[in-house]
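K.L.:
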Amino acid sequence: MPALSKNFALQVPTLYDELEFNHDDELIDELRDLGYDLGDHSLSESDFRDLDFDEYDSGGADIILDVPYVPSDEKIVSAMLDLAQVTSQDILYDLGCGDGRIVVAAALERNTHGVGIDVDPMRITEAIEYAGHTGVEHLVHFIEDDLLEAEFGNATVVTLYLLDLVNLQLRPRLLDELRPGTRIVSHAFDMGDWKPDQRQNCGSINLYKWIVPAKVAGIWEWQATTGEAYRVELKQKYQQVTGKAWIDGAAAQLKSVLLSGDLIELQIKKDASSRPVSFVMRCASKQWLAVDGNLQASAAIKIVNS
Ligand SMILES: C[S@@+](CC[C@H](N)C(=O)[O-])C[C@H]1O[C@@H](n2cnc3c(N)ncnc32)[C@H](O)[C@@H]1O
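Going left to right, the sequence shown walks through residues 158 to 463 as my numbering numbers them.
1. Looking only at its own chain, which residues have a Cβ that is under 6 Å from the Cβ of Leu304, when we skip the five neighbours before and after it?
2. Which ranges does the alpha helix (DSSP H) cover as unbroken runs of at least 4 residues, wholly within the segment 269–355, from first to last along the chain?
3. Determine the extent of the alpha helix (DSSP H) in which Arg388 is found, giving its start and end residues.
4. Considering Val538, what are the terminal residues of the alpha helix (DSSP H) in which it resides?
5. Within the continuous beta strand (DSSP E) that includes Arg439, where are the two ends?
6. I'd like to know whether the C-beta atoms of Lys412 and Lys392 end up nearer to each other than 8 Å.
7. Tell me which residue opens and which closes the beta strand (DSSP E) that Val251 is part of.
8. Ends of the alpha helix (DSSP H) at Ile259?
9. Looking at Gly338: is its Cβ nearer than 8 Å to the Cβ of Asp207?
10. Enumerate in chain order the residues of its own chain whose CB-to-CB distance from Val437 is below 6 Å, with the five nearest sequence positions on each side excluded.
11. Is it true that the CB of Tyr318 sits closer than 8 Å to the CB of Ala284?
12. For Asp541, count neighbouring C-beta atoms within 10 Å of its own C-beta (all shown protein chains included) and say buried if the count is 16 or more, exposed if not.
13. So, Tyr416 versus Pro370, is the Cβ gap smaller than 8 Å?
14. Does DSSP put Phe178 in a helix, a strand or coil?
15. Tell me whether the beta-carbon of Asp230 lies closer than 8 Å to the beta-carbon of Thr313.
16. Going along the chain, which residues of its own chain have a beta-carbon closer than 8 Å to the beta-carbon of Lys459, five neighbours each way excluded?
17. In terms of residues, what are the limits of the beta strand (DSSP E) holding Ser203?
18. Using a 10 Å radius around the Cβ and a threshold of 16 neighbouring Cβ atoms, would you call Leu322 buried or exposed?
19. Which residues share a DSSP beta bridge with Ser417?
20. Could you check which residue in Ala454, Asp347, Pro433, Glu385 has the C-alpha nearest to that of Tyr365?
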């Protein structure tokens, strides 16, 4: 029985032509009958990177792919949904959705609304058929579009199986257009110097998760219930935040800052011998509201932009 070759991605469209595409399980059974070993058909990062897809022809359609078509296997799809902690409250976008398997799996297994975007009309046709056959068409929507141009700002979860260069091209839009707290999960490829919040190995495959951070750089002030006036001046690189603090105008110590999505926790000490006071706030662009009002008499207000 042959193992799937490196060119599996390019064979899949041909195989789809030979197969009656009904249901993922049937497709997998038929691929098995044709002698393909589907035990783990995920490609290693370097094999995926090496795929030659310049000559790709989508049934005569005049399209240019930025990433070849390689479907994520079942195990990886499931691990990606788990890592993103997808629920029925989410709106999941798969950018470069292929045959729609991630969007359909989330709808089937978790009742999640989803949108799949792919530039290849053949993939979109397959995805719509797949959603129809699995009975989730009321939850999902597939759009033929270039993922670098498409709208995805209302996503709460974004899944990617692209190349690292495409992830890098997307990065500024992911940071600017997605709401803080949105989870991004990528199969195999990272995002340059935006370090993931979580990384998971799934066999030999790496999965990465980022949580879109709120923009918090600048000078912020608030009043504590003790009557003291707190001020912080923060610098930010993605979710990493550093800075300085003052209490009633005197320099204090900013012991730590943790930022996860739109939640920030600041630990501030008056001096080396005092105990740190911790403030947890929910960030919006101009003010942060206290999550625990016991220590805070006012919201934090932005005084100066970074
Ligand atoms: C590696 S496959 C991933 C498919 C699916 N997300 C999965 O994990 O099974 C990448 C997909 O991106 C699509 N693609 C490539 N360039 C694109 C572009 N510029 N805009 C939208 N889709 C694109 C390809 O057609 C292909 O279906």
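C-beta atoms are modelled at their ideal positions from N, C-alpha and C, and glycine is treated no differently.
P.N.:
Checking against the coordinates, here is how it stands:
1. Leu252, Gly253, Ile274
2. 278–291, 321–334
3. Run containing Arg388: none in the alpha helix (DSSP H); it sits in the beta strand (DSSP E), 386–394.
4. With the chain covering only 158 through 463, there is no way to say anything about residue 538.
5. 434–440
6. no
7. This sequence places Asp at residue 251; Val is not what is there. Here the beta strand (DSSP E) through Asp251 covers 248–252.
8. 258–267
9. no
10. Glu422, Val448, Asp449
11. no
12. This structure gives no information on residue 541, because the portion of the chain shown stretches from 158 to 463.
13. Going by the sequence as given, residue 416 is Leu instead of Tyr. Yes. Within cutoff.
14. Any answer about Phe178 is weak, because its pLDDT of 36 lies below 50 and its placement is not dependable; what the coordinates show is given next. Coil at Phe178, not helix or strand.
15. no
16. Gly375, Ile376, Trp377, Ser442, Lys443, Gln444
17. First-last for Ser203: 202–207, but that is the alpha helix (DSSP H), not the beta strand (DSSP E).
18. exposed
19. Leu420
20. Asp347
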